[in-house]
Structure formats: structure tokens, C-alpha cells
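J.:
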Amino acid sequence: MRQVLPPEYLDLGTEELEHRIQQAKAALRKRVVILGHHYQKDEVIRFADYRGDSLKLSQLAAREREAEYIVFCGVHFMAETADILTTAEQKVLLPDLAAGCSMADMADIDEVEECWDVIKGKYPDQEIIPITYVNSTAEIKAFCGRKGGMTCTSSNARAVFEKVIGEDKIILFLPDEHLGRNTGLECEIEAEEIFLWERREQDRGDQFEDHEMRAQELPVIAPRLILWNGFCSVHQRFTLEQINRARTKYPGIKVIVHPECEHTVVANSDLHGSTEYIIETVTRAPAGSSWAIGTEINLVHRLAQENPDKKIVCLNETVCMCMSMNRIHQPHLLWTLENLVQGKVVNQISVPSEIAAEAKLALERM
Ligand code: SF4
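Numbering (the numbering used here), first residue to last: 209 to 574.
(1) May I ask you to verify whether the segment 294–303 touches the segment 330–337, counting CB pairs closer than 8 Å and requiring at least 3?
(2) By the 10 Å Cβ neighbour count, where 16 or more other Cβ atoms means buried, how is residue 338 classified, buried or exposed?
(3) Using only the heavy atoms of the ligand SF4, determine whether one of them is closer than 6 Å to the beta carbon of residue 529.
(4) In terms of alpha-carbon separation, which member of 297, 351 and 398 lies closest to residue 315?
(5) Residue 223 to residue 542, Cα distance in whole Å?
(6) Run through the segment 468–507 for me and flag every whole alpha helix (DSSP H) of 4 or more residues, listed as ranges in chain order.
(7) Could you check if residue 517 is buried or exposed, using at least 16 other CB atoms within 10 Å of its CB as the buried criterion?
(8) Note down the Cα distance separating residue 475 from residue 481, rounded to an integer number of angstroms.
(9) Using the rule of at least 16 other Cβ atoms within 10 Å of the residue's Cβ for burial, across every protein chain shown, is residue 263 buried or exposed?
(10) For a test of your reading of the model: does the CB of residue 310 fall under 6 Å from any non-hydrogen atom of the ligand SF4? Yes or no.
(11) Among 321, 269, 272 and 382, which residue has its Cα nearest to the Cα of residue 419?
(12) Would you call residue 470 buried or exposed, if buried means 16 or more other Cβ atoms sit within 10 Å of its Cβ?
(13) Using the rule of at least 16 other Cβ atoms within 10 Å of the residue's Cβ for burial, across every protein chain shown, is residue 266 buried or exposed?
(14) Need the endpoints of the alpha helix (DSSP H) that residue 395 sits in, please.
(15) Take the Cβ of residue 244 as the centre, count every other Cβ of all protein chains shown within 10 Å, and call the residue buried at 16 or more, exposed below.
(16) Grab me the residues of residue 358's own chain with a C-beta within less than 7 Å of its C-beta, minus the 5 sequence neighbours each way, in chain order.
(17) In the DSSP assignment, find the alpha helix (DSSP H) that holds residue 317 and state where it starts and stops.
(18) Rounded to whole angstroms, what is the Cα-Cα separation between residue 502 and residue 550?
(19) Quick check: the segment 453–462 against the segment 424–431, are at least 3 beta-carbon pairs closer than 8 Å?
(20) Straight-line CA distance for residue 523 to residue 460?
(21) I'd like to confirm the pairing. Which residues does DSSP put opposite residue 521 in its beta bridges?
(22) Taking residue 399 as the reference, give the member of 432, 384 and 377 with the closest Cα.
(23) What's the C-alpha gap between residue 308 and residue 343?
(24) Determine, using beta carbons only, whether residue 283 and residue 533 come nearer to each other than 7 Å.
(25) Going by beta carbon distance, what residues of the same chain come within less than 7 Å of residue 213, once the five residues before and after it are set aside?
(26) On the CB-based measure, 16 or more other CB atoms within 10 Å of its CB, does residue 467 come out buried or exposed?
(27) What are the start and end residues of each continuous beta strand (DSSP E) run of 3 or more residues lying completely inside the segment 336–371, in chain order?
(28) Between the Cα of residue 500 and those of 274, 448 and 279, spot the shortest distance and give me the residue it belongs to.
(29) Going straight from the alpha carbon of residue 360 to that of residue 372, what length do you get?
(30) State buried or exposed for residue 246, treating a residue as buried only when at least 16 other CB atoms are found within 10 Å of its CB.
(31) Straight-line CA distance for residue 269 to residue 388?
(32) Quick check on DSSP: helix, strand or coil for residue 249?
(33) Sorry if obvious, but does the Cβ on residue 558 come closer than 6 Å to a heavy atom of the ligand SF4?
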């Protein structure tokens with residue numbers, strides 16, 4: 209559900225919305241910085257001072273010391289990271305509080321703590337290093353900070369794995385099964401050395417299970433990598449059949465996908481990498497080249513518009529939009545900015561200081 213706005217914001221036409229957003233931005237001047245994630249719609253991203261992926265945007269926000277307000281057009285965990293990295297005086301706002309991330313929500317902190325206890329109990333002689341993808345809640349980042357682990361991005365996951373892999377060590381990777389498996393296999397961890405930890409399905413009403421029972425599911429010989437079975441609802445929709453179809457339909461096309469896709473998709477693509485890597489690769493490609501891209505549709509459309517000399521299609525011909533990211537519309541952005549003009553801070557995302565300190569530790573170790 210989208211966050212409900214005051215009725216006067218609901219029926220505004222595009223022209224008025226855009227005019228008032230510009231006016232509010234101009235009134236706030238350098239006191240506000242608007243961040244736009246690559247997966248946002250064009251109608252929102254055109255007002256962003258910076259575009260980028262989640263961590264890059266948070267790091268940029270941290271450098272904008274003059275800005276009192278950071279309006280993050282992204283999802284909840286991104287605004288949390290921005291809050292962790294900015295100063296106590298800066299306020300981070302999310303224009304629609306309903307913009308969460310289904311993948312981040314798949315790792316519940318109590319359940320992760322339970323998993324940790326079971327693994328520790330099963331393999332007392334092994335060192336366990338928790339690594340969380342930055343697409344996770346502040347609580348999960350704090351857990352990793354507290355337990356001697358760190359965060360990673362889709363660009364540096366391999367480097368982070370290589371830093372910690374070793375004898376008598378188990379990596380516990382949260383919350384994205386696919387990024388974890390793709391990275392582990394790249395780092396020459398064998399498929400048999402990877403164990404998939406099944407999270408509880410809350411909508412099925414699963415309860416905490418007996419630790420003994422969970423421990424029995426783990427192999428006798430310690431795995432090198434334990435994956436939390438979270439996934440991105442956008443990237444999980446790309447398939448091998450789509451790759452085969454694209455190659456038949458457009459002979460010579462290059463397939464480039466995000467590592468949040470399943471391993472079969474990544475293994476059968478020509479190239480794979482983070483959002484920034486996909487943008488850079490396609491932008492630098494020679495005129496006349498053809499690309500089937502396995503990532504969020506708003507970004508693919510934008511790349512097609514910005515590279516008219518290339519053939520660019522989305523690997524999935526049906527919709528593959530990040531629904532959470534797309535909750536933010538111009539009326540939400542306008543409402544947030546006009547409140548700031550009136551001195552009212554709405555939808556502030558504030559991470560409690562203890563969690564922020566431990567989460568920062570995990571981010572800094574990366
Ligand atoms: S694209 Fe996937 S990981 Fe990113 S915000 Fe949407 S659901 Fe979450």
C-alpha cells in the first residue's frame with residue numbers, strides 16, 4: 209500500500225506538480241539534497257541532485273555537509289544507510305514510508321540470531337563470519353558489525369569474500385541467496401560446500417523451531433558458505449528461457465545481468481555485475497551493439513533512451529519493476545519538500561544510535 213497523502217496532493221496535474229517541486233527545491237536551496245536511485249521512475253529521477261546505487265548515494269549524502277535534509281528517493285534500507293553515514297544534525301527523509309524492500313524484510317533479526325546460535329552450536333571449532341549485502345536492514349548490518357563481520361555491495365562482494373575466506377571459517381551470507389551463491393562459486397567454493405538456510409515463512413505462520421532440529425539439517429562436515437534464502441523479487445524473475453529467447457530473436461545480442469539473478473541466469477549470460485557496472489558497460493559499448501539486460505525496467509528504459517545508437521531490450525518481456533521503489537511518485541516528493549519549506553520534517557528515517565554505531569562498523573570494515 210502506498211502512503212496516503214493529504215487530498216490536496218492527489219489530483220494535481222503534472223505541470224503543476226513539476227512547477228511546485230522546482231519552486232520548493234529553489235526555496236530550500238542547498239539545505240536539501242535529493243537522491244534518486246537508478247530504479248526510480250523518470251518523473252522522480254529528473255529532480256534528483258544525484259543518481260546512483262544505494263551505497264554510492266549514501267556516501268554522496270555523507271559528503272554534503274551543508275545539506276540539512278537528505279530526501280532519499282529509494283527504499284527504507286537505503287535511507288537507513290544514509291542516516292548512519294550522515295551527521296547527527298542531518299535529517300534523512302523517505303517520501304513514502306511504504307517504500308520498503310522485500311529482500312531486506314526477508315531477514316528478520318530474531319531469526320538471524322537464532323540461526324547464528326544453531327550454527328555456533330553445531331560447529332564450535334569454526335570461526336563464523338557474517339557478511340550482509342548492503343540491501344539489508346540497519347539491524348542486520350548491526351548484527352554483522354557486532355559479530356565481527358561486514359557489509360558488501362554487488363560490486364565488491366567478491367573482494368569481501370576473498371578477504372575472509374579461509375580454513376576453519378564459515379561465511380554466513382545475508383540476505384540474498386543468489387548474490388551469495390554467485391560470489392561463492394566465483395571464489396571457488398564448491399556447490400557441495402554451500403548450505404542453504406531456509407528462513408521461516410512468516411505468512412505461513414512458521415514458528416521458531418527447535419534448535420536441535422535445525423542443527424540436524426546442517427551437514428556433519430562444516431560448509432564453507434551458509435546462505436540465507438532471501439531473494440530480490442525483481443531479479444529472481446529473469447530465467448534461462450528468456451536468455452535463449454533473446455539470443456534467438458536478436459542474433460549476436462549480448463546478455464548482461466545483475467548478480468541478484470539465479471546462478472543459471474548469471475552462468476549463461478555474457479556479462480554480469482552491479483547496476484553501476486551494467487550502466488558503464490552498456491554506455492561504453494560501440495554504436496550498433498545489442499544488449500538484453502537483466503535488471504529493473506526503469507533503468508533499462510533509461511539506458512535505451514540515453515543510448516539511441518544501440519539496441520537495448522529488457523531480458524524479461526513482461527513487467528519487472530521494483531514495486532517498492534516505484535511507490536515514490538511526484539506527489540510524495542512535492543509533499544515532502546513543501547513540508548520542509550514550512551519547517552516541518554515528515555517521514556524522517558532515524559536509526560537508533562546503538563544500532564547505527566554497530567552498523568557503521570560493518571560498513572567501515574567493508
Ligand atoms: S530491486 Fe530488489 S533488492 Fe532492490 S529494492 Fe527492489 S526488491 Fe529490494
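C-beta: ideal position from N, C-alpha, C; glycine also.
Keep in mind it's a predicted model, so treat the numbers as computed, not measured.
T.: Inspection of the coordinates gives the following:
(1) no
(2) The residue labelled residue 338 in the question sits at position 130 within the sequence shown. Burial call: buried.
(3) Counted from its first residue, the sequence shown places residue 529 at position 321. Incorrect: residue 529 has no Cβ contact closer than 6 Å to the ligand SF4.
(4) The residue given as residue 315 occupies position 107 in the sequence shown. Among 297, 351 and 398, the Cα nearest to that of residue 315 belongs to 351.
(5) The residue given as residue 223 occupies position 15 in the sequence shown. The residue given as residue 542 occupies position 334 in the sequence shown. Their Cα atoms are separated by approximately 12 Å.
(6) 471–475 and 483–492
(7) Residue numbering aside, residue 517 sits at position 309 when the sequence shown is read from its first letter. So residue 517 ends up on the exposed side.
(8) Numbered from its first residue, the sequence shown carries residue 475 at position 267. Numbered from its first residue, the sequence shown carries residue 481 at position 273. Each residue's alpha carbon lies about 12 Å from the other.
(9) Looking up residue 263 in the sequence shown gives position 55. It counts as buried.
(10) As a position in the sequence shown, residue 310 is number 102, starting the count at 1. Answer for residue 310: yes, Cβ within range of the ligand SF4.
(11) For the purposes of this step, residue 419 is identified with residue 211 of the sequence shown, where counting begins at 1. The shortest C-alpha separation from residue 419 is found at 321.
(12) Numbered from 1 along the sequence shown, position 262 holds the residue referred to as residue 470. That one is buried.
(13) Here residue 266 refers to the residue found at position 58 of the sequence shown. Buried is the call here.
(14) By 1-based counting over the sequence shown, the position of residue 395 is 187. That residue, residue 395, is in no alpha helix (DSSP H); it is neither H nor E in DSSP.
(15) Looking up residue 244 in the sequence shown gives position 36. So residue 244 counts as buried.
(16) Here the question's residue 358 lines up with position 150 in the sequence shown. Once the five neighbours on either side are set aside, the close Cβ partners of residue 358 are 339, 352, 368, 570, 573 and 574.
(17) Taking the first residue of the sequence shown as 1, we reach residue 317 at position 109. Start and end: 317–330.
(18) In the sequence shown, residue 502 corresponds to position 294, counting from 1. In the sequence shown, residue 550 corresponds to position 342, counting from 1. Their Cα atoms are separated by approximately 42 Å.
(19) no
(20) Within the sequence shown, residue 523 is the residue found at index 315, counting from 1. Within the sequence shown, residue 460 is the residue found at index 252, counting from 1. Spanning the two alpha carbons is a distance of roughly 14 Å.
(21) Your numbering for residue 521 matches position 313 in the sequence shown. In the DSSP output, where bridge partners are listed per residue, residue 521 has 500.
(22) For the purposes of this step, residue 399 is identified with residue 191 of the sequence shown, where counting begins at 1. If we check each option's Cα against that of residue 399, 432 comes out closest.
(23) What you label residue 308 is simply residue 100 of the sequence shown in a count that begins at 1. What you label residue 343 is simply residue 135 of the sequence shown in a count that begins at 1. Cα to Cα, residue 308 sits roughly 11 Å from residue 343.
(24) As a first step, residue 283 must be located in the sequence shown, where it is residue number 75. As a first step, residue 533 must be located in the sequence shown, where it is residue number 325. For residue 283 and residue 533, yes; Cβs fall inside 7 Å.
(25) Counting from one through the sequence shown, the residue named residue 213 turns up at place 5. 539, 540 and 543.
(26) Along the sequence shown, one-based indexing puts residue 467 at 259. The residue is buried, with at least 16 neighbouring Cβ atoms inside 10 Å.
(27) 358–360
(28) Locating residue 500 in the sequence shown gives position 292, counting from the first residue. The candidate whose alpha carbon is nearest that of residue 500 is 448.
(29) As a first step, residue 360 is located in the sequence shown; it is residue number 152 there, counting from the start. As a first step, residue 372 is located in the sequence shown; it is residue number 164 there, counting from the start. Distance between the alpha carbons of residue 360 and residue 372: 12 Å.
(30) By 1-based counting over the sequence shown, the position of residue 246 is 38. By the 10 Å Cβ count, residue 246 comes out buried.
(31) In the sequence shown, the residue the question calls residue 269 occupies position 61. In the sequence shown, the residue the question calls residue 388 occupies position 180. Their backbone Cα atoms lie some 28 Å apart in a straight line.
(32) To locate residue 249, count along the sequence shown from 1; it is residue 41. Residue 249 falls in the coil class under three-state DSSP.
(33) Position 350 of the sequence shown holds residue 558. No, the Cβ of residue 558 stays beyond 6 Å of every heavy atom of the ligand SF4.
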